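One structure is given here, and the rest of the page talks about it.
Chains as they are written, first to last, in this note's numbering: chain A, 462 to 565; chain B, 806 to 1296; chain C, 19 to 345; chain D, -15 to 105; chain E, 1101 to 1186.
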């Protein structure tokens, strides 16, 4: 039991680290492409880790199944949305930041 | 089934609405709406007789006793409204046979009938419900259908008029919802009778006052009480003729009734007129409406807009009667409500007739047509005299009752406002007469023939208004019992 | 300060600030997106305040349907707002100040937030809805019990409003008006999206059915199910184009489903009256009465709501999406 | 009054922002957005009336003792539906107005009507 | 532990909100809103555990779904006006 709790805590901590760093990246990076790079990876990974951490604390199978469905959902839709966004931004000519230019 | 009448008369039109969509044929949808209107009228008549004989009826929907479930209450104070609304629906149904054919194409006509059914059901439900939140739901049913119907008007200006109505109406409804929320917060109930009992016992005055103000302002928007009337001229002026005829007789009247019902049976006259200055504000708004709106009406160039502004003035009269808070005042308000519904419906119906025959309701287009369309204009004049309040028309009976109630309460300024407003009404009716008879015809085009159904409705309504003027026994007794039921808490 | 208070305060602040930003933004696309965001926050607040059913509905309606409709309309009209003339601000400020002042005045009498001793909680209705309902109706989700049985008339009214809105949109934008069909633009060129959407569709529909029938035990019910169903078709329409979606779900079929649900609800009420009860008195549906009959009534009502809501929401989306920009 | 009234203050502020947008902005779509904000804050106000401290969602379960009140939730479910219905009709009207006038700004609409009809309403 | 996760989620929400307000332009905002959406899914999941009733995770599933639909809608519908306006 103790082992599970420790594992859960580790997963939750890792997930938390991921989502916070992703959010910082979203705010601090200089242009759209770097920002989507920051969030695209951390968002799915962080959410996945947190959901797994919660899964380890779950006692009923109903909640567990739902957590897994949410996890699956996020893992499928998150990257899809990111991919589409980046693609559409490229097509619409969202400008790319170069060193020394102002942030946009 | 007799026991289920209170719910049946709401259910018939609501149930007929999907039927109109399914049938998809103009004539069948018309027939369905006519049947719905007749059915509601029959229910209302039977209910009125039962209430008169045995007192108020309470109907627990779903078999759950109030305050756990929703309750319908039919009592002296709402039977006149039920009769007016369902009667107006029957008139609109017959009238629409000729009118809708000329204004709405075949494929959209069934949808118009759907909305007429929904509006009718919504208004009737709003009238009989004994639960404040349920009242909000019915209010929204009727409002949403009304917005859609206004948008069907023939000119493109109908669209912004409908949008304006939608925005203002929704803000009004949300105000009502805030008021309901505040009252609910300090009582924990939504049933009107329960609410009345708990409000009287609650010691949270500030929330209570605010609740009353929000509900009153919200309903005043729906009733187009001056100065919250901004939506009405466009909505009535641009809607298809059938719709303006029906709405002019019903929608603002029902909102005024709900205002009355909440004032006397929920918040209590002592609170509203004693502690809060609602009575004085109401008299002020009513007096201002009577003068200002009549004055604006004098300068209108479009017959339907003129009538719409005149409605705002007449709503002012009714509001003034209610705001007196006396039995005589409320009874006069009810009497005027009934009479004005008949008169204004006949006028809008006549305006629709003019529109069909001339293709326009601009006053300039009416020039010199009094001789060519004598019957139509005769109807307008008779009904118009009712609006002014010339004896022996129905308008006179209502105004006389109102005047005596005002004198009894010593409200001389309001009385003066009423007199001025009547003179102004004489002015705008006189302007129609002058244009129609004493101007050179602008065009030589012969007016087209009038559909019999429309002419018939115009004349039946005019006749009813004259009969109510000559022998005011029926409306007067309805109005008196309504005031009696309201003021003596006969709920 | 409790954890709850901190979370609640943070979310409420986020919501208020978002609203302020929306009010100031003149780019309407951005405003519409932030409206979606505020709707997400609202839904989270509903979860926090224990209104799980409401959160369900707000998420589906506010984030799903409303956003899609708003964006759809923006695609048809101009997406930038003109500067508000100065003279319009004054009356707005006056009305807002008056209303706000009145609310602040009233708030001094409002019971403390979260108090278990407020008039709302002390009223006998609370006991009946929370505990007696377990014997009378036997549905663990008391929101469903109140919605579909104690206050079923409100729900009927709500369904009528949905029906009216669907008919109104059909009247204004439907195939009956003379608008031209727009070209079939879609996102077909994105293969990943196509695959993902095809994977999601069956799942969404199953989820909708689950929500419909699980409404007695957890958050959910007919309305939520209907909206989820519609959301599925919105997704399909957005990805595969309107024509494909309408081949799957022809407008004519939707048109007859819309009145069907409402008819079912009204019909149920008529049956209860014919059986000698009052309108929507489910107790008459079975000779034994009691919870079993209530269950039957509630299930019928939920299915009726689900049918009409799904059909109305989908046809509203089709009506907006089938409109061609005029300029 | 107590320390928990912050909920009401923030919700009322939200309400007023929504109402302000509805009244002051001339763009029809912005008006609808404002209307949505206004209504949503009223919905939140209702829900806040039903919340009980340390309560839980009103779905009965043997492990839970305190529940928040279900009635406001039922009311608001209905009200949300009414709200989205109004939004759909309002947006449909806006589309038609744009098709008829070529604008969704109130100001421009009035000008274009006066140009064509020359009539005051 | 759960409280800390909740705090992190709220902080993340605030940061995403700042990006949504600052923009610039549509795409930065969509990105921020998409991220905010994921955080609300997590919020629902975590608050279930925080307040002791994890049964209501259905809502999380729905959030994930509508969040995706909203992003698709933004992409599809903005794409359209731009090509039409041209």
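The C-beta atom is built at its ideal place from N, Cα and C for all residues, glycine as well.
Fair warning: this is a prediction, and the values are worked out from it, not measured in the lab.
Residue closest to residue 1199 of chain B, alpha-carbon to alpha-carbon, out of B:954, B:1142, B:1222, B:1175: B:1142
What does the alpha-carbon distance come out to for the pair residue 202 of chain C and residue 260 of chain C? In this prediction, residue 202 of chain C scores a pLDDT of 46, lower than 50, which makes its location untrustworthy; no coordinate-derived value is stated.
Closest Cβ-Cβ distance between residue 1146 of chain E and chain C: below 8 Å? no
So what does residue 863 of chain B bridge to, in DSSP terms? B:878
Residue 100 of chain C and residue 91 of chain D - do their beta-carbons sit closer together than 8 Å? yes
For a test of the three-state rule: what should DSSP assign to residue 45 of chain C, helix, strand or coil? strand
Measuring alpha carbon to alpha carbon, tell me which of B:1151, B:1289, B:1161, B:1028 ends up nearest residue 1191 of chain B. B:1151
Through-space distance from residue 74 of chain C to residue 151 of chain C, alpha-carbon basis: 23 Å
Test: residue 178 of chain C CB closer than 8 Å to a CB of chain B: yes
Among the residues of its own chain, which have a CB less than 8 Å from the CB of residue 483 of chain A, if the five just before and after it don't count? 499, 500, 502, 503, 504, 507
Count the other CB atoms, across all protein chains shown, that sit within 10 Å of the CB of residue 883 of chain B; report buried if there are 16 or more and exposed otherwise. buried
To the nearest angstrom, how far is it from the Cα of residue 1167 of chain E to the Cα of residue 180 of chain C? 24 Å
Sheet register partners of residue 40 of chain D (DSSP bridge): D:51
Same chain, Cβ closer than 7 Å to residue 760 of chain B, neighbours up to 5 away in sequence not counted: Beyond the ends of chain B as shown, which are 806 and 1296, falls residue 760 of chain B; an answer cannot be given.
Within 10 angstroms of its Cβ, does residue 8 of chain D collect 16 or more other Cβ (buried), or is it exposed? buried
In DSSP terms, what residue 89 of chain D is bridged to: D:11
CB of residue 67 of chain C within 8 Å of CB of residue 40 of chain D, strictly: no
Does the beta-carbon distance from residue 1044 of chain B to residue 955 of chain B come in below 8 Å? yes
Sequence-distant residues of its chain with Cβ nearer than 7 Å to residue 1053 of chain B (five each side left out): 1041, 1116, 1149, 1150, 1153
Counted within 10 angstroms of its Cβ, other Cβ atoms place residue 823 of chain B as buried (16 or more) or exposed: buried
DSSP three-state call for residue 102 of chain C: helix, strand or coil? coil
Any beta-carbon of chain C closer than 8 Å to the one on residue 498 of chain A? no
Is there at least one Cβ from chain C nearer than 8 Å to residue 1082 of chain B's Cβ? no
Between the region 910 to 918 of chain B and the region 967 to 980 of chain B, do at least 3 Cβ pairs fall closer than 8 Å? no
On the premise that residue 43 of chain C lies in contact with residue 55 of chain C, defined as a C-beta separation below 8 Å, what is that separation, rounded to the nearest angstrom? Not a contact, Cβ separation roughly 12 Å.
Backbone secondary structure at residue 934 of chain B - three-state DSSP: strand
Can you tell me the Cα-Cα spacing of residue 994 of chain B and residue 1003 of chain B, whole angstroms? 8 Å
What is the DSSP secondary structure of residue 200 of chain C, reduced to helix, strand or coil? Confidence at residue 200 of chain C is low in this model, with a pLDDT of 49, below 50, so its placement is unreliable and the value that follows should be read with caution. Residue 200 of chain C falls in the coil class under three-state DSSP.
Could you give the DSSP three-state label for residue 553 of chain A: helix, strand or coil? coil
Is residue 1107 of chain B helix, strand or coil by DSSP? strand
Report back the beta-carbon spacing between residue 1074 of chain B and residue 1068 of chain B to the nearest angstrom; my notes put them in contact at under 8 Å. 7 Å
Answer yes or no: does any C-beta atom of chain C fall closer than 8 Å to that of residue 537 of chain A? yes
Compare the Cα-Cα distances from residue 1105 of chain B to each of B:887, B:1288, B:1237 and report the closest residue. B:1237
Contact set for residue 1171 of chain B: own chain, Cβ-Cβ below 6 Å, skip 5 residues either direction: 1240, 1241
Output the boundary residues of the alpha helix (DSSP H) element that contains residue 1077 of chain B. Taken as a continuous stretch (DSSP letters only), residue 1077 of chain B belongs to no alpha helix (DSSP H), as it is neither H nor E.
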